[in-house]
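Peer 1: Pasting a structure below so you can have a look.
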Amino acid sequence: MNVQDDFWKRKIGKSLDHIQVPESIFTFAKELPYRMEEQSRQKPPRKSKWKKWLAIAAASITIGISAGAYLSPTFAAYIKSFFVRPDLDEGLQIAAKEGFSETTEASVTDNGITLKVKEVMADANRLILTYSLEKENGEFIDPTILFESEEWGPGRAIYFVKDLNTFYITDKDGDIVSTSTNYRTKKGRFVTQYINRVFPHYPYADLMFELNHSASDSKQLFANISINKIGSTKGKWNLKVPVNIEKSIKATKTLPINKEYVTSEGLAITLKNVVYSPTLTSLNFETRWTEKGKKLMKGHPEYFIQGIGYSYHGLLYDIVDSKGNIVATTLPKGRDNGTKGFVLSEHNQYSPRQIEKVDWRHSFIPLPKGEKLTFVFRGIERVEYPNKSIAFNPIKLNEQPVTFDYKGNSFTIQNFRLETNKDGKRVGILQIEEKAHLAGGHFELSDEHGNIFTINTKDTSRVSIIGYDKQTMTYHMKRELEIEGIEKIPTQLTLTLKTATVFYKDGNWKVPIPSPSEK
1 MNVQDDFWKR KIGKSLDHIQ VPESIFTFAK ELPYRMEEQS RQKPPRKSKW
51 KKWLAIAAAS ITIGISAGAY LSPTFAAYIK SFFVRPDLDE GLQIAAKEGF
101 SETTEASVTD NGITLKVKEV MADANRLILT YSLEKENGEF IDPTILFESE
151 EWGPGRAIYF VKDLNTFYIT DKDGDIVSTS TNYRTKKGRF VTQYINRVFP
201 HYPYADLMFE LNHSASDSKQ LFANISINKI GSTKGKWNLK VPVNIEKSIK
251 ATKTLPINKE YVTSEGLAIT LKNVVYSPTL TSLNFETRWT EKGKKLMKGH
301 PEYFIQGIGY SYHGLLYDIV DSKGNIVATT LPKGRDNGTK GFVLSEHNQY
351 SPRQIEKVDW RHSFIPLPKG EKLTFVFRGI ERVEYPNKSI AFNPIKLNEQ
401 PVTFDYKGNS FTIQNFRLET NKDGKRVGIL QIEEKAHLAG GHFELSDEHG
451 NIFTINTKDT SRVSIIGYDK QTMTYHMKRE LEIEGIEKIP TQLTLTLKTA
501 TVFYKDGNWK VPIPSPSEK
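Sequential numbering from 1 applies to the sequence shown in UniProt numbering.
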């Protein structure tokens, strides 16, 4: 790009910082600098046409602004980075504005399709990259064609790898440092993948990876992409994109805390440190069951996973500022989508056969660095296996609803009916009103002959939330369970509660959280 071209590029970029920009203009403007750079590498057109093209581009933006605009003070930064977008969390946006992202020209072409990685950004917690798929004629291909998607709640699309395509992050030694997650899709397919989230913004998409504890030991990471099929086109698209995280590691501050507390349940918790990184603030814990806790659990078979050991337990706490305002939380209500201070990610490390001792890392949107913050412990939550059953006559439910309780969870069976589902299958519908954890209970349903029916949990639209109780930390919900294999209403059904989440309150522990601004 020559001096004159660079002048026009900077001129447009600078002016965008002071104008009102509608959402519809974002996609065009963010790609403008890249297109200009690509144009400069090609045979230059006549001078007059180049100026005319720039004038049209600027005019297009102005027209878009007058058509329905809103104020966007971050727009100049936005066209320099894909990660300063309203649909991404503030941690990513702040880090991108502060210069922790880097553009890349990594690409690979096969069978007329080019995979391009446009931008990457990482710290010790996570890595995000933006990619596109383009045809030879310059047309874009929907980047999410690489995945199978499903709706897992209102506005919550989950993307799963397919066609043996792989995406993962490694360190300089080739060891994988991105964490994996196991899924079972609604179609019954089992998937293990290293991608945490996919954020489409056509014609691009972002891939988010969460990183394990060893990622912080590296100055450079590598984003590995191996694609075997794009739509109906087979081929080999392999990329290994270097990502320098030395700058973000230098900007990361780890401040020791090392405070311990033992709950009434016998769980010893050590708050080890707080880590301030460019995209997130993290708290690191260690939990272990004391001898008192182990002895207490021996009389409770519902605490154990058969063949594995102790069941899952989680830590419930708030982080409050000097005025008592909650700035971050792990409490259930804080996990609702759209809540600014909820825990973004949770990592734990333990032996697969023994989870007596667990190392935890909870990561949040960056906490305010100049505030006096306090960690306020609220208790623990535990997934338990009650195997508690109740028999009922489904015909009489309208007149005589059936209720049973389990450690603060309440379930009222209200109605049973037969209907045809959206797939044209005849199914039973069991309506339950719950006061429980947002995940609700996991049930098993059988008839008087011992036949166990399949409960279809794929349709999340059959769950409606009525309210939330702060005292019990439970949701008031109505849930309709779709029962497969029932052609007529039985005279008796038995509902068995297989798993439930139980809260154990304990609010006697507070710890000041050191700030990186403290001397």
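Using N, Cα and C, we set each Cβ at its ideal position, and we do this for glycine too. Since this is a predicted model, take the numbers as computed values, not measurements.
Could you give the distance in angstroms between the alpha-carbon of Ser517 and the alpha-carbon of Gly324?
Peer 2: Distance between the alpha carbons of Ser517 and Gly324 is about 20 Å.
Peer 1: Starting from the C-beta of Glu487, find all residues in its chain whose C-beta is less than 7 Å away, skip the five residues before and the five after it, and write them out in chain order.
Peer 2: Arg426.
Peer 1: List the endpoints of the continuous alpha helix (DSSP H) containing Glu92.
Peer 2: A small correction: the amino acid at residue 92 is Leu; Glu does not occupy that position in the sequence shown. From DSSP, the alpha helix (DSSP H) with Leu92 extends over Glu90 to Lys97.
Peer 1: Less than 8 Å between the CB atoms is what I'm expecting for Glu434 and Ser464, so what's the real figure, rounded?
Peer 2: Not really, about 11 Å apart at Cβ, beyond 8 Å.
Peer 1: Ends of the beta strand (DSSP E) at Glu102?
Peer 2: Its beta strand (DSSP E) spans residues Ser101 to Thr103.
Peer 1: Starting from Lys250, follow the beta strand (DSSP E) in both directions and report where the run begins and ends.
Peer 2: Per DSSP, Lys250 belongs to no beta strand (DSSP E); it is in the alpha helix (DSSP H), Glu246 to Lys250.
Peer 1: Can you name the start and end residues of the alpha helix (DSSP H) that Met473 belongs to?
Peer 2: Element bounds for Met473: n/a, residue is neither H nor E.
Peer 1: Tell me whether the beta-carbon of Val502 lies closer than 8 Å to the beta-carbon of Gly379.
Peer 2: It is not a contact, given that the beta carbons lie outside the stated cut-off.
Peer 1: Helix, strand or coil: which one does DSSP assign to Leu146?
Peer 2: Reduced to three states, the DSSP call for Leu146 is helix.
Peer 1: Looking only at its own chain, which residues have a Cβ that is under 7 Å from the Cβ of Glu136, when we skip the five neighbours before and after it?
Peer 2: Once the five neighbours on either side are set aside, the close Cβ partners of Glu136 are Gly112.
Peer 1: Let's see if you can read the secondary structure: which residues bound the alpha helix (DSSP H) around Leu296?
Peer 2: It spans Glu291 to Met297 - the alpha helix (DSSP H) in which Leu296 sits, taken as one unbroken run.
Peer 1: In this structure, does DSSP put Ser282 in helix, strand or coil?
Peer 2: Correct three-state label for Ser282: strand.
Peer 1: Can you tell which of Val241, Ala500 and Leu418 has its C-alpha closest to the C-alpha of Phe443?
Peer 2: Of the listed residues, the one whose Cα sits closest to Phe443 is Ala500.
Peer 1: Apart from the five residues on each side of it in sequence, which residues of its chain come closer than 6 Å, Cβ to Cβ, to Phe199?
Peer 2: Hits under 6 Å: Asp206.
Peer 1: Helix, strand or coil: which one does DSSP assign to Gln42?
Peer 2: With a pLDDT of only 48 at Gln42, under the threshold of 50, the placement of this residue in the model should not be trusted; the figure read from the coordinates follows. Here Gln42 sits in coil by DSSP.
Peer 1: On the premise that Ile489 lies in contact with Leu373, defined as a C-beta separation below 8 Å, what is that separation, rounded to the nearest angstrom?
Peer 2: Not a contact, Cβ separation roughly 56 Å.
Peer 1: Can you tell which of Lys478, Gly485, Arg382 and Asn165 has the C-alpha that lies nearest to the C-alpha of Gly428?
Peer 2: Of the listed residues, the one whose Cα sits closest to Gly428 is Gly485.
Peer 1: In terms of alpha-carbon separation, which member of Arg156, Thr170, Leu315 and Gly91 lies closest to Tyr504?
Peer 2: Nearest of Arg156, Thr170, Leu315 and Gly91 to Tyr504, Cα basis: Leu315.
Peer 1: Using the rule of at least 16 other Cβ atoms within 10 Å of the residue's Cβ for burial, across every protein chain shown, is Tyr202 buried or exposed?
Peer 2: So Tyr202 counts as exposed.
Peer 1: Could you tell me if Asn125 is buried or exposed, where buried requires 16 or more neighbouring beta carbons within 10 angstroms of its beta carbon?
Peer 2: Label assigned to Asn125: buried.
Peer 1: Would Pro512 be called buried (16 or more neighbouring beta carbons within 10 Å of its own) or exposed?
Peer 2: Exposed, because fewer than 16 other Cβ atoms sit within 10 Å of the Cβ of Pro512.
Peer 1: With a threshold of 6 Å on Cβ separation, who are the neighbours of Asn182 within its own chain once the five nearest residues in sequence on each side are excluded?
Peer 2: Counting only Cβ-Cβ distances below 6 Å, and skipping sequence neighbours, we find Thr192.
Peer 1: Please report the Cβ distance between Ser132 and Tyr194, rounded to the nearest whole angstrom; I am assuming they are in contact, meaning their Cβ atoms lie under 8 Å.
Peer 2: Not quite, the Cβ-Cβ distance comes to about 20 Å (not below 8 Å), so this is no contact.
Peer 1: Output the distance between the C-alpha atoms of Lys80 and Thr454, rounded to the nearest integer angstrom.
Peer 2: Roughly 51 Å separates the two Cα atoms.
Peer 1: Check each candidate in Leu493, Thr233, Asp405 and Glu480 and name the one with the smallest Cα separation from Asn451.
Peer 2: When each option's Cα is compared against that of Asn451, the closest is Leu493.
Peer 1: Report all residues from its chain with a CB closer than 8 Å to the CB of Gly231; omit the five preceding and five following residues, and keep chain order.
Peer 2: Once the five neighbours on either side are set aside, the close Cβ partners of Gly231 are Ile141 and Ile145.
Peer 1: Name the two residues that bound the continuous beta strand (DSSP E) containing Asp206.
Peer 2: It spans Tyr204 to Glu210 - the beta strand (DSSP E) in which Asp206 sits, taken as one unbroken run.
Peer 1: With Phe404 as the anchor, note down where its beta strand (DSSP E) starts and where it stops.
Peer 2: That run of the beta strand (DSSP E) goes Val402 to Tyr406.
Peer 1: By how many angstroms is the C-alpha of Leu271 removed from the C-alpha of Phe285?
Peer 2: Spanning the two alpha carbons is a distance of roughly 5 Å.
Peer 1: Report the residue from Val402, Glu384 and Leu115 whose alpha carbon sits nearest the alpha carbon of Ala391.
Peer 2: Selected option, being the one with the closest Cα: Val402.
Peer 1: How would you label Phe82, buried or exposed, when you count the other beta carbons within 10 angstroms and need 16 or more for buried?
Peer 2: Phe82 comes out buried.
Peer 1: Identify the continuous beta strand (DSSP E) that holds Pro256 and give its terminal residues.
Peer 2: Here the beta strand (DSSP E) through Pro256 covers Lys253 to Val262.
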